[in-house]
Amino acid sequence: MISTSLKTEGEVLLYPPTFFPRVITLTNYIQIASEASFPRYLLNSILIVVASTSIAVFTSCIGGYIFAKFRFPGKNLIFILILATTMIPFQTYMVPFYLMMKNLQLIDTYLGIMLPLFVTSFGIFFIRQNSISIPDELIDAARIDGGTEWSIFLNLILRLLTAPISAIAIFTFMFGWKFFIWPLIMTNSPKKFVLELGLTTLANRNAMDYGLQMTGAVFSIIPILLTFFILRKKFVSGITMTGMKG
Amino acid sequence: MGYSNLQKKKLRFVFFWISIIFLLYLFLRFIPIISTFYLSFFRWDLIRPVKPFVGFNNFIRLLQDENFKIAIWNTSLFAFIVVTFTLLFSLLVALALERKIAGGSVFEIIFFLPIVIPLVPISLTWKWIYDPTNGVLNYLIGLVDIPKQGWLINPRLSLGSIMAMTIWQRIGYNMIIFLVGLREIPAQFYEAAKVDGAGKWQTFISITLPLLIPITLYLTVMNTIEAFRIFTPVYVMTTGAQGAPASAVRVLVMDIYQNAFRYFNLGYASAESLVLFLIILLISLLQFGVFRKRGVLA
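Residue numbers (the numbering used here), protein chains in the order written: chain A, 73 to 318; chain B, 4 to 301.
See the structure below:
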C-alpha cells in the first residue's frame with residue numbers, strides 16, 4: 073500500500089505490478105495534502121474522536137465508580153439496563169436515532185456525529201470491576217480529612233485507576249476512529265467529513281487511480297499508526313485486557 | 004449530626020451524576036431502542052407527511068421482499084463461513100506461535116495492525132488487490148497459469164472475496180485471545196500427560212482442546228454477532244466503478260441502510276432492524292444457555 077502510494081500514475085497501471093516503485097514520487101502526497109480537504113478531514117476526525125473519547129472516559133469513570141462504591145435506590149435496575157444495551161448493536165437502532173437527530177436539527181453537526189460515543193456500557197462495567205477493589209477505608213479516610221466527594225473522585229479515585237482508564241481510552245479511541253456508518257448517515261457537507269468518509273469519496277471519484285487512493289489510505293492511517301507505535305505496550309495490554317471487539 | 008451531613012453529601016453527589024448518566028442513556032440508547040419497535044409498526048416515509056399505523060404490514064412485506072431474503076441468506080452464509088475459518092486459522096496460528104515466540108514485538112505488530120487500522124483503508128487496499136486488470140492477486144495466480152478473475156465484479160466470487168478479506172482481518176484478534184487462553188493452561192497438565200506417555204496429538208485432543216472450549220465459545224458468539232453487523236467492507240467494495248454488484252453482496256445492514264437512507268422508508272427499515280436485533284438476541288441467549296449448562300456440568 074505504501075509502495076503504491078509512492079508510484080507514478082503510469083507505473084501503478086503497469087502489468088505485471090511492480091513490488092517496489094521504480095521511481096519514487098511524492099506527487100500523490102502533494103496532491104492529497106494540497107487538496108485542502110484531506111487535512112481538514114484529519115482535523116475533523118481528531119476533533120470528534122478526542123472529544124468523544126474524553127467524554128466517554130469521564131462518564132465511564134464516574135459511573136463505574138458510583139456503581140462500585142455507593143448504595144442508592146434503583147442501583148441494580150439501572151446497572152442491569154445499562155449492561156443490557158451492550159447486547160444491542162448500534163445498527164439496530166440507528167434509524168430512529170437518525171430521526172431524533174433530525175428533529176433536534178443535529179444532522180450534519182459535530183455534536184450529532186459524536187453523541188452516540190458519549191457513553192459506553194463496557195466502559196462503565198470495566199471501571200466498576202476495577203473500582204471494587206479500592207479499599208473503602210481509603211475513601212473514608214479521605215472523607216474524614218474533609219475531602220468532598222468530587223475532590224475524592226478527582227484526586228484519589230482517578231489516580232488509582234490509571235491502568236484501566238488508559239485501557240478504556242484506547243478502546244473508545246479506536247472505536248471512535250473506526251466508527252463509519254454513523255458519520256456516513258449524519259454528514260452531508262464535505263466540510264464535516266471524517267477521514268474514513270473523505271477516503272471513500274476520494275476513492276469513488278478516482279476509481280481507477282489506485283496510487284491516489286492508496287496515498288489517501290496511508291494518509292488516513294498515519295495518525296492511528298503513530299498513536300499505536302508510541303503507546304504500543306499500552307495498546308497491547310489494553311486490547312488483551314478489555315478483550316476488545318475488533 | 005456529622006454523619007447525616009456526610010450521608011447527605013454522598014447522596015447529592017450520587018444523585019447528580021447518576022441522573023446525568025441515566026439521562027444520557029435514556030436519550031442515546033433507551034429511547035432509540037424502544038423507537039425501533041414503535042417505528043416498525045408505521046409506514047414512516049421521510050418525504051410523506053402522513054405516517055399511518057400499519058400493524059404488522061412491514062413484517063409481512065419483509066417476508067415477500069426478495070432483497071431481504073437475499074440479505075438474510077448472504078449474511079448468514081457470511082457469518083458461518085467467516086466465523087468457522089477465522090477460528091480455525093487463528094487457533095492454528097496461536098498453536099504455532101505458542102511455543103516458539105513469547106510475544107516478540109515483530110509478531111505483535113503484524114497481528115495487531117489489522118485490529119488497529121480502520122476498515123475503510125483496509126477495504127480499499129483489498130479492492131486494489133482484487134482489481135481484475137491490475138490487481139496483485141490476479142498477477143499472483145497468473146504466475147501459476149490460472150486465468151484472471153473478476154474477484155469483486157463476478158457475482159459468484161464477490162461475496163467470497165469479501166469473506167476472505169474479513170477472515171484475514173479478524174485472525175489477529177482471535178489469535179491473541181487464543182494465545183491468552185493457551186498460556187493459561189497449567190504446565191502441570193502437559194507434564195502429567197508426558198509422564199503418562201501421551202503423544203503430541205493425544206495431548207492436544209485430550210488436554211488443550213477441552214480447556215479451550217470456553218474461549219472458543221466466547222469467540223464464536225463475538226465473531227458471529229460481529230459478522231451479522233458487517234457493513235463497511237461491503238459498502239466500500241460496492242460503491243464506485245470496479246466494485247462488486249450490490250445484489251451479490253447484499254447484507255442485512257446494507258439493506259437497512261439503503262431502505263432507510265436511499266429510499267427513506269424508515270418504518271420498513273426499522274422492521275428490518277428489529278429482525279437483526281432478534282437474530283443477535285438469539286445468538287446472545289444461546290451463549291448464556293450454553294454457558295449455564297456448562298456451569299452446571301462442571
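Note that beta-carbon positions come from the ideal geometry of N, C-alpha and C, so glycine has one too. Just so we're clear, the structure is a prediction, and the values are computed from it rather than from any experiment.
Measuring alpha carbon to alpha carbon, tell me which of the options ends up nearest residue i.
i	options	result
residue 227 of chain B	B/59, B/88 and B/37	B/88
residue 175 of chain A	A/292, A/258, A/276 and A/287	A/258
residue 179 of chain A	A/128, A/260, A/167 and A/136	A/260
residue 60 of chain B	B/275, B/210 and B/283	B/275
residue 201 of chain A	A/141, A/117, A/156 and A/278	A/141
residue 296 of chain A	A/128, A/117, A/218 and A/109	A/117
residue 309 of chain A	A/237, A/109 and A/181	A/237
residue 41 of chain B	B/31, B/55 and B/51	B/55
residue 216 of chain A	B/153, B/51 and B/9	B/9
residue 82 of chain B	B/293, B/292, B/282 and B/291	B/282
residue 93 of chain B	B/236, B/219 and B/259	B/219
residue 167 of chain B	B/236, B/114 and B/124	B/236
residue 49 of chain B	A/188, A/167 and A/227	A/167
What does residue i reach in chain A if we use C-beta pairs closer than 8 Å?
i	result
residue 20 of chain B	134, 135 and 138
residue 13 of chain B	142 and 221
residue 289 of chain B	Going along chain A, no residue has its Cβ under 8 Å from residue 289 of chain B, so there is no contact; the nearest lies around 12 Å.
residue 39 of chain B	164, 165, 167 and 168
residue 120 of chain B	293, 296 and 297
Can you list, in chain order, the residues of its chain with a C-beta nearer than 8 Å to that of residue i? Leave out the 5 residues immediately preceding and following it.
i	result
residue 248 of chain B	156, 158, 161 and 241
residue 1 of chain B	Only positions 4 to 301 of chain B appear in the structure, and residue 1 of chain B is not among them; the question remains open.
residue 185 of chain B	97, 98, 101, 211 and 215
residue 80 of chain B	162
residue 265 of chain A	109, 112, 113, 116, 255, 259 and 273
residue 125 of chain B	117, 168, 172 and 236
Cβ closer than 8 Å: which chain B residues qualify as neighbours of residue i?
i	result
residue 282 of chain A	131, 134 and 137
residue 188 of chain A	31
Report the neighbours of residue i on chain A: residues whose CB is nearer than 7 Å to its CB, in chain order.
i	result
residue 308 of chain B	Here chain B has residues from 4 to 301 only, and residue 308 of chain B is not among them.
residue 17 of chain B	138, 142 and 144
residue 32 of chain B	157
residue 124 of chain B	271, 289, 292 and 293
With a threshold of 7 Å on Cβ separation, who are the neighbours of residue i within its own chain once the five nearest residues in sequence on each side are excluded?
i	result
residue 96 of chain B	174 and 178
residue 299 of chain A	none
residue 289 of chain B	none
residue 118 of chain B	175 and 176
residue 58 of chain B	44
residue 157 of chain A	193
residue 232 of chain A	206
Determine the chain A residues that contact residue i at a beta-carbon separation under 9 Å, and present them in chain order.
i	result
residue 198 of chain B	Residues of chain A passing the Cβ test: none, with the nearest at roughly 32 Å.
residue 28 of chain B	150, 153, 154, 157, 191 and 193
residue 115 of chain B	300, 304, 307, 308 and 311
residue 55 of chain B	What residue 55 of chain B touches in chain A: nothing, since even the nearest Cβ is about 16 Å away.
residue 81 of chain B	Chain A residues near residue 81 of chain B: none, gap ~15 Å exceeds 9 Å.
residue 42 of chain B	167, 168 and 171
residue 144 of chain B	Here the premise fails: no neighbours, minimum Cβ distance about 12 Å.
Enumerate in chain order the residues of its own chain whose CB-to-CB distance from residue i is below 6 Å, with the five nearest sequence positions on each side excluded.
i	result
residue 322 of chain A	Residue 322 of chain A falls outside the range modelled here, since chain A spans only 73 to 318, and no answer is possible.
Does at least one heavy atom of the ligand FMN sit under 6 Å from the Cβ of residue i?
i	result
residue 231 of chain B	As far as ligands go, the structure on display features none, and thus does not contain the ligand FMN.
Using a Cβ cut-off of 7 Å, pull out every chain B residue sitting near residue i, in sequence order please.
i	result
residue 131 of chain A	24 and 27
Legend entry - At least three beta-carbon pairs within less than 8 Å, the segment 192 to 205 of chain A to the segment 236 to 249 of chain A: yes
Legend entry - Meets three-Cβ-pair contact criterion under 8 Å: the segment 205 to 214 of chain A and the segment 107 to 121 of chain A: no
Legend entry - Three or more C-beta pairs below 8 Å linking the segment 125 to 133 of chain B and the segment 182 to 195 of chain B: no
Legend entry - Meets three-Cβ-pair contact criterion under 8 Å: the segment 43 to 59 of chain B and the segment 260 to 278 of chain B: Touching, yes, given that three or more Cβ pairs across the two stretches are closer than 8 Å.
Inset, instruction - Give, in chain order, every residue of the segment 247 to 272 of chain A whose Cβ lies closer than 7 Å to some Cβ of chain B. - result: 249, 250, 252, 253, 257, 268, 271 and 272
Inset, instruction - May I ask you to verify whether the segment 282 to 301 of chain A touches the segment 266 to 273 of chain A, counting CB pairs closer than 8 Å and requiring at least 3? - result: yes
Inset, instruction - For the segment 153 to 185 of chain A, enumerate the residues whose C-beta is nearer than 8 Å to any C-beta of chain B, in chain order. - result: 153, 154, 157, 159, 160, 161, 163, 164, 165, 166, 167, 168, 169, 170, 171 and 172
Legend entry - Inter-stretch contact at 8 Å, needing at least 3 Cβ pairs: the segment 25 to 41 of chain B / the segment 143 to 154 of chain A: Flag = yes, the segment 25 to 41 of chain B and the segment 143 to 154 of chain A touch.
Inset, instruction - Quick one: which residues of the segment 204 to 215 of chain A get their C-beta closer than 8 Å to a C-beta of chain B? List them in chain order. - result: From the segment 204 to 215 of chain A, only 215 have a Cβ closer than 8 Å to chain B.
Inset, instruction - Quick one: which residues of the segment 259 to 285 of chain B get their C-beta closer than 8 Å to a C-beta of chain A? List them in chain order. - result: Those would be 259, 260, 263, 264, 269, 272, 273, 276, 277, 279, 280, 283 and 284, in chain order.
Legend entry - Touch test, the segment 192 to 206 of chain B against the segment 137 to 153 of chain B, Cβ-Cβ under 8 Å, three pairs minimum: Verdict: no, contact absent.
Legend entry - Interface positions of the segment 114 to 128 of chain A facing chain B (Cβ-Cβ less than 8 Å), listed along the chain: none
Legend entry - Stretch pair the segment 65 to 74 of chain B + the segment 252 to 268 of chain B: three plus CB contacts closer than 8 Å: yes
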